[in-house]
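The numbering used here applies: residue 7 is where the sequence shown begins, and numbers increase by one.
Note that the Cβ used here is the ideal one computed from N, Cα and C, for glycine as well.
Since the structure is predicted, the reported quantities are computational estimates derived from the model, not experimental observations.
Have a look at the structure below before the remarks.
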Amino acid sequence: MKRYIAEGLKQYLSLDMKPWHMPGHKRKGIGSTLDDIYKFDITEVPGVDDLHNPEGIILKSQQQLAEIYNTHASYYMVNGATGGVLSAVGAVTDYKGDKQEGSIIIARNCHKSVYNACEIFGLKPIYFEPEYVHLGGDFTSHIYGAVTKEQVKSMVEANPDVVAVVITSPTYEGVVSDVAGIKNILQSYNIPLIVDEAHGAHLPFICELPESALSCGADIVVQSLHKTLPALTQTAIIHVNNQELNKQLRKYLSIFMSSSPSYPMLSSMEEAVISAYERKNAERYETYIENLRSFRANVSSLEHIKLLQGFQVKSEYDDTRIVFYSHQSGEYLAKRLREVGNIEVEMSGANYVVLISTYMDEAEDFRHLETIIKYIDKEFDRTSPMEKSNGKATFLKEELYKLVGTVAADNIYVYPPGSYIVVANEEISKEAVDKLIELKASGKRIIGL
Numbered sequence: 007m008k009r010y011i012a013e014g015l016k017q018y019l020s021l022d023m024k025p026w027h028m029p030g031h032k033r034k035g036i037g038s039t040l041d042d043i044y045k046f047d048i049t050e051v052p053g054v055d056d057l058h059n060p061e062g063i064i065l066k067s068q069q070q071l072a073e074i075y076n077t078h079a080s081y082y083m084v085n086g087a088t089g090g091v092l093s094a095v096g097a098v099t100d101y102k103g104d105k106q107e108g109s110i111i112i113a114r115n116c117h118k119s120v121y122n123a124c125e126i127f128g129l130k131p132i133y134f135e136p137e138y139v140h141l142g143g144d145f146t147s148h149i150y151g152a153v154t155k156e157q158v159k160s161m162v163e164a165n166p167d168v169v170a171v172v173i174t175s176p177t178y179e180g181v182v183s184d185v186a187g188i189k190n191i192l193q194s195y196n197i198p199l200i201v202d203e204a205h206g207a208h209l210p211f212i213c214e215l216p217e218s219a220l221s222c223g224a225d226i227v228v229q230s231l232h233k234t235l236p237a238l239t240q241t242a243i244i245h246v247n248n249q250e251l252n253k254q255l256r257k258y259l260s261i262f263m264s265s266s267p268s269y270p271m272l273s274s275m276e277e278a279v280i281s282a283y284e285r286k287n288a289e290r291y292e293t294y295i296e297n298l299r300s301f302r303a304n305v306s307s308l309e310h311i312k313l314l315q316g317f318q319v320k321s322e323y324d325d326t327r328i329v330f331y332s333h334q335s336g337e338y339l340a341k342r343l344r345e346v347g348n349i350e351v352e353m354s355g356a357n358y359v360v361l362i363s364t365y366m367d368e369a370e371d372f373r374h375l376e377t378i379i380k381y382i383d384k385e386f387d388r389t390s391p392m393e394k395s396n397g398k399a400t401f402l403k404e405e406l407y408k409l410v411g412t413v414a415a416d417n418i419y420v421y422p423p424g425s426y427i428v429v430a431n432e433e434i435s436k437e438a439v440d441k442l443i444e445l446k447a448s449g450k451r452i453i454g455l
């Protein structure tokens, strides 16, 4: 495979052009370890290319992306998956040539960018809530399961003005929905399917894992490269399988993406994808998968801390996502992992934590995590220090329950993961307040409350 962007930048730098243009660091660096990145930070000058109107190295690189992923088109994103989601929703509002007004079906666990896109484009969101995963025993679950094709079919039949369906797969916790089945349902209605696959950029490359939404027929798929591939933060790719949506998508990419794209980000994305692709062809994921499976087997029977398993989600599951749950709060478990083993988790929920594993993790990394989680398991009991009642907590509950039946003035959510628990102008339900109380009691900071 060719590294068009990196090689093109090297060729341009060899010309020793004097940069009387932005960026202000003039590729000289500031005497730090970032100096090589500064040298690659170039603007749209003759000799390189323009992400919004690519004709050279970026065009060739994106054409290569489409070949790697077997898509109609694939585009680099320098403002993360959020910009991709906004562009995708914009594209479906212009589907069939005219801006459509109507509804859009979204799963309740979608990222806040989906909700924001609905507001921007004047679409009425029709929510549906996936069932919670059954954890067994007396464990309370706040982990959403998969979206089913039956759910989608009933929602579409009840809402004839729907312009698209948006789901998240895999979820933050690794739950994968039946994208192929959902797409098959929507095909007969000519309704596009957008999949937020931000946490699944690795799926196209590791055959032991569930299939990517790309190979399951989704019309638009958004992937956040920095989450599970070795790319710089804020990098993403948006893929199009539906030729009719491509023109509209390009229009909104030019609106929502920065007019000053970063070449270090572009080089990082190209390198990450090629690295993952070449590993696949060289069959170099076996050791990682063996280490991962061995680790999961070794921590699957702890006494107090439990590991979320594929059989519990009643759908396909991404085993690279490590989710531990217990009778302690997620914040407390995250705190102990940090204190005992210098382990920083990706996210903590009411009673669980999420850790992201990638193929960059080695055997020693898994051994260390195994040692620490086993140590903490021995010190846990069934009483969380975050759950002891006090007068302040009782007062908080009383005040929050007064909100039931009122209309929310703002969006209410916890970040991460950034999914809205209550949407602005929505009537607040008792179920929502119950969830807010439990999250607050576990130590989570609730935004918008």
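Legend entry - From Ser300, Tyr338, Ser306, residue whose alpha carbon lies closest to that of Glu368: Ser300
Inset, instruction - Please state if the CB of Lys436 and the CB of Val413 are separated by a distance shorter than 8 Å. - result: no
Inset, instruction - Go ahead and pull the three-state DSSP assignment for Ile212. - result: coil
Inset, instruction - For my contact list, Ala97 and Leu255 are in at a C-beta cut-off of 8 Å; report their separation, rounded to the angstrom. - result: 4 Å
Legend entry - Touching by the beta-carbon criterion (3+ pairs, under 8 Å), the segment 272 to 282 and the segment 229 to 244: yes
Legend entry - Per-residue burial, Ile261 [other beta carbons within 10 Å of its own, 16 or more giving buried]: exposed
Inset, instruction - Would you mind working out which of Pro136, Lys408, Leu339, Thr177 sits nearest Ile434, comparing C-alpha positions? - result: Lys408
Inset, instruction - For Asp325, count neighbouring C-beta atoms within 10 Å of its own C-beta (all shown protein chains included) and say buried if the count is 16 or more, exposed if not. - result: buried
Inset, instruction - Spell out a yes or no on whether the segment 123 to 140 and the segment 58 to 67 are touching, meaning 3 or more CB-CB pairs, one atom from each, closer than 8 Å. - result: no
Legend entry - Contact check, Ala242 vs Gly424, beta carbons under 8 Å: no
Inset, instruction - Taking 8 Å as the cut-off, decide whether the C-beta atoms of Ser109 and Ile132 are in contact. - result: yes
Legend entry - the segment 264 to 274 touching the segment 69 to 87, judged by at least three CB pairs closer than 8 Å: yes
Legend entry - Local conformation of Met7 per DSSP, three classes: coil
Inset, instruction - Whole angstroms is fine: what's the gap from Met23's alpha carbon to Gly30's? - result: 15 Å
Legend entry - Bridge partners - Arg327, DSSP secondary structure assignment: Ile362
Inset, instruction - Report the rounded CA-to-CA distance for Ser321 versus Lys130, giving the unit in angstroms. - result: 29 Å
Inset, instruction - Out of Val201, Thr177, Thr88, Leu308, state which residue places its alpha-carbon closest to the alpha-carbon of Glu385. - result: Leu308
Legend entry - Pairwise C-alpha distance: Ile349 and Leu375: 8 Å
Inset, instruction - May I have the straight-line CA-CA distance separating Leu15 from Leu71, to the nearest angstrom? - result: 18 Å
Inset, instruction - Could you tell me the boundaries of the beta strand (DSSP E) in which His245 lies? - result: 242 to 246
Inset, instruction - Please classify Pro60: does DSSP put it in a helix, a strand, or coil? - result: coil
Inset, instruction - Please specify which runs of the beta strand (DSSP E), each continuous and at least 3 residues long, are wholly inside the segment 163 to 224, giving them in chain order. - result: 168 to 174, 199 to 202
Legend entry - Limits of the unbroken beta strand (DSSP E) element including Gln254: Here Gln254 belongs to no beta strand (DSSP E); instead the alpha helix (DSSP H) covers 249 to 262.
Inset, instruction - Consult DSSP for Val410 and reduce its assignment to one of helix, strand or coil. - result: coil
Legend entry - Separation of Ala447 from Glu393, as counted between CA atoms: Bear in mind that a pLDDT of 46 at Glu393, under 50, signals an unreliable position, so the model cannot answer this.
Legend entry - C-alpha distance - Gly128 paired with Val429, whole-angstrom precision: 15 Å
Inset, instruction - Provide the residue span of the beta strand (DSSP E) that contains Ile427, from first to last. - result: 426 to 428
Legend entry - Inter-residue spacing [alpha-carbon to alpha-carbon] between Ser218 and Tyr283: 14 Å
Inset, instruction - Using alpha carbons as the reference points, say which of Pro422, Asp144, Asn247 lies closest to Tyr331. - result: Asp144
Legend entry - Helix, strand or coil at Tyr421 [DSSP, three-state]: coil
Legend entry - Cβ pair Tyr101, Leu251 closer than 8 Å: yes
Legend entry - Helix, strand or coil at Ser395 according to DSSP, with G and I counted as helix: Per-residue confidence for Ser395 stands at a pLDDT of 41, beneath the threshold of 50, marking its modelled position as unreliable; the derived number appears in the next sentence. The answer is coil: DSSP assigns Ser395 none of H, G, I, E or B.
Inset, instruction - Taking Phe46 as the reference, give the member of Asp387, Ser273, Leu339, Lys312 with the closest Cα. - result: Ser273
Legend entry - Under the three-state DSSP convention, the category Lys32 falls into: coil
Legend entry - Residue from Val351, Ile111, Ile212, Ala152 with nearest C-alpha to Asn287: Ile212
Inset, instruction - With a threshold of 16 other CB atoms inside 10 Å of the CB of Asp225, please say whether the residue is buried or exposed. - result: buried
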